[in-house]
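Residue numbers (the numbering used here): 803 to 902. Idealized CB from N, CA, C, for every residue including glycine.
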């Protein structure tokens, strides 16, 4: 089942990530700004990996390796959340019936 909500979540995440990377790689920004904008798209996910004990694994990775590990997992998670949301909405509409 194709989830339009899940795809929308993924597209929004990818667009925001691309915008952050564009700002981070701009030569006119300072080093601190580069670091902040590089970590924004994957910051929460890295924190979650630290909570489950995988933090030391990510500490040794470069930015490209961290992105290639974290972004696909995030996209799967966002698509799954959107799929569950659309499934829930479908079940509620089937139970209640369409609004008149």
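Asked                                                                                                             : Found
If you run the structure through DSSP and keep just helix, strand and coil, what is residue 862?                  : coil
Tell me whether the beta-carbon of residue 860 lies closer than 8 Å to the beta-carbon of residue 846.            : no
Report yes if the CB atom of residue 820 is closer than 8 Å to the CB atom of residue 840, and no otherwise.      : no
Does the beta-carbon distance from residue 810 to residue 885 come in below 8 Å?                                  : no
Give a yes or no on whether the C-beta atoms belonging to residue 856 and residue 815 are separated by under 8 Å. : no
Reducing DSSP to helix, strand and coil, say where residue 887 ends up.                                           : helix
Have a look at 858, 890, 853 and flag the residue whose alpha-carbon is nearest the alpha-carbon of residue 808.  : 890
Do residue 822 and residue 843 come within 8 Å of each other at the CB atom, strictly closer than that value?     : yes
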